[in-house]
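For the sequence shown, this note's numbering assigns the number 12 to the initial residue and increments by one for each residue that follows. Only one structure is covered here, and it is reproduced in the block below.
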Amino acid sequence: DVIAGRKVVLVSKDTTGPAPEIAKRLAQEAVVRDKVDFLAGFGLTPEALAVAPVATQAKKPMIVMNAASSIVTAKSPYIARVSMTLPQVSAPMGTWAAKNGIRRVFTLVADYAPGHDSEAAFKTTFTAGGGQVIEAVRTPLKNPEFSPFVQRIKDAKPDAVFVFLPAGEQGIAFMKSFQERGLAKAGIRVIATGDLTDDHVLPAMGDAAVGMITTFHYSAAHDSPENRAFLDAYRKATGDQGQPNFMAVGGWDGMAAIAEVVKRLGGQVDGDRAMTVLKGLKLASPRGAISIDPETRDVVQTVYVRRVEKVGGQYRNVEFDRFPDQRDPGR
Ligand code: PHB
């Protein structure tokens, strides 16, 4: 409520969907009319890219709580990212798959910057480990129709399909098509970034998701005192609406970063001094310890390998292996 004598005021604006122009206009409004000290949020890469020049011009720290293509932090010296990057979570999947007997992979990603980043990072580590990407397809960001792509995957007979799709409805639609066309029965596995098995959508995927291996920075099933406190706070704030997902954790850690900056600056928030605090900042996140790389202003963290399991009647991303100290390999 109050940090270093400053009243905390949250001004919320909603782009209502992938809308970079609206994001830019709302950010300008936040700076000029609402006189905010920080810009924060940014679920989608194109929206973060559209707002970056506003942050630069106004010298306002911009805390990215999700948008995950590598290029984002390069677009303004006032950006710090607390979420993840697609290369950061995709590269470990390539290494893990190659080490675990997967040889021929078909890749399917959403056709925009995060998908392109994911496809490239997976391929680099997977081929370095001796694997082969036999085919790569990109699906439209808006209203994709997965059946024809899924049929192509089936015909190509890979050991596995590697998938990046923005978390939410798309993953559910993809898995539905995957089941309907009998790919699981044909012995084709799904490996993916954890966007596909987002803790919010797992209940909707049901048994189709069980056994799926993903790499990611956050699982609601992560076992730590920080995560238990977060789960508790989330339950109180939302009235018990299921599990928090990685975007919720991005929001939580972003708020923690802002609070820390305001505290260390004694309430006198100035863009350049804020960035000095953010560079190298360490936080005890619900996902584990994270820090902000002082050079790139991007998050450094452990990436976990997880398997979807049904635990006590609930679908969970259960962590069983880890890649510590991962930086963004995409820049
Ligand atoms: C994005 O950067 O646009 C992005 C990344 C990961 C998601 C969704 C959106 O799951």
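The C-beta atom is built at its ideal place from N, Cα and C for all residues, glycine as well.
Contacting residues, own chain, Cβ-Cβ under 7 Å from residue i (five flanking each side not counted)
i, result
"Ala215", "Ile183"
"Phe137", "Gly105, Ala108, Ala109, Val116, Val144"
"Pro155", "Gln181"
"Gly6", "Limits of the chain in this structure are 12 at one end and 342 at the other, which puts residue 6 out of reach."
"Leu194", "Val161, Ile164, Lys165"
"Tyr245", "Pro255, Ala259"
"Ser188", "Phe157, Ser158, Val161"
Cβ-based burial, residue i [other Cβ within 10 Å; buried from 16]
i, result
"Leu55", "buried"
"Ser23", "exposed"
"Pro236", "exposed"
"Glu130", "buried"
"Thr27", "exposed"
"Phe175", "buried"
"Gly262", "buried"
"Phe53", "buried"
"Val314", "buried"
"Gly299", "buried"
"Asn112", "Note that residue 112 is Gly in the sequence shown here, rather than Asn. Answer is exposed; the Cβ neighbour count stays below 16."
"Phe331", "exposed"
"Pro297", "buried"
"Leu289", "buried"
"Gly126", "buried"
"Val221", "exposed"
"Gly217", "exposed"
"Arg44", "exposed"
"Gln68", "exposed"
"Pro169", "buried"
8 Å Cβ cutoff, residue i in contact with chain D
i, result
"Trp263", "In summary, chain D is missing from the structure at hand, where a single protein chain is found."
DSSP bridge partner residues for residue i (one or two, in chain order)
i, result
"Leu172", "Before going on, a small fix: residue 172 reads as Val here, not Leu. Bridge partners of Val172: Phe117, Val201."
"Asp343", "A query on residue 343 cannot be resolved here, the shown segment of the chain reaching from 12 to 342 and no further."
"Met73", "Leu50, Ile90"
"Thr96", "Answer is none; Thr96 lacks a bridge partner."
"Glu146", "Phe117"
"Gln337", "Gln312"
"Lys18", "Val13"
"Arg327", "Glu320"
8 Å Cβ shell around residue i - same chain, five flanking residues per side excluded
i, result
"Asp122", "Arg149, Thr150, Pro151, Leu152"
"Val329", "Ser230, Ala232, Arg317, Arg318, Val319, Glu320, Val322"
"Lys403", "Residue 403 falls outside the range modelled here, since the chain spans only 12 to 342, and no answer is possible."
"Val13", "Val19"
"Arg192", "Ser158, Val161, Gln162, Lys165"
"Met286", "Pro72, Pro88, Tyr89, Ala91, Arg308"
Residues near residue i by beta carbon distance below 6 Å, same chain, minus five either side
i, result
"Glu146", "Phe117, Ala167"
"Asn256", "Asp209, Asp210, His211"
"Ala124", "Thr56, Ser80"
"Arg92", "Val75, Thr84, Asp309, Val310"
"Ala15", "Val273, Lys274, Gly277, Gly278"
"Val120", "Gly126, Ser129, Glu130, Arg149, Phe175"
Distance between beta carbons of residue j and residue i, contact taken as under 8 Å
i, j, result
"Ser94", "Val310", "7 Å"
"Ala102", "Ala132", "4 Å"
"Pro177", "Asp339", "Actually they are not in contact, since the Cβ atoms of Pro177 and Asp339 sit about 18 Å apart, beyond 8 Å."
"Ala203", "Met223", "7 Å"
"Glu32", "Ala61", "7 Å"
"Leu292", "Glu306", "About 13 Å separates the two Cβ atoms, so there is no contact after all."
Those runs of the beta strand (DSSP E) which lie wholly inside the stretch 30 to 67 and span at least 3 residues
50 to 52
Alpha helix (DSSP H) runs contained entirely in the stretch 100 to 144, provided each spans 4 or more residues:
Taking only runs of at least 4 residues, the alpha helix (DSSP H) segments lying wholly in the stretch 100 to 144 are 124 to 139.
Give the list of continuous alpha helix (DSSP H) stretches no shorter than 4 residues that lie fully inside the stretch 201 to 253.
213 to 216, 236 to 249
Give, in chain order, every unbroken run of the alpha helix (DSSP H) that is at least 4 residues long and sits entirely within the stretch 274 to 306.
Positions of the alpha helix (DSSP H) runs, each at least 4 residues long and wholly inside the stretch 274 to 306, are given as 282 to 289 in order along the chain.
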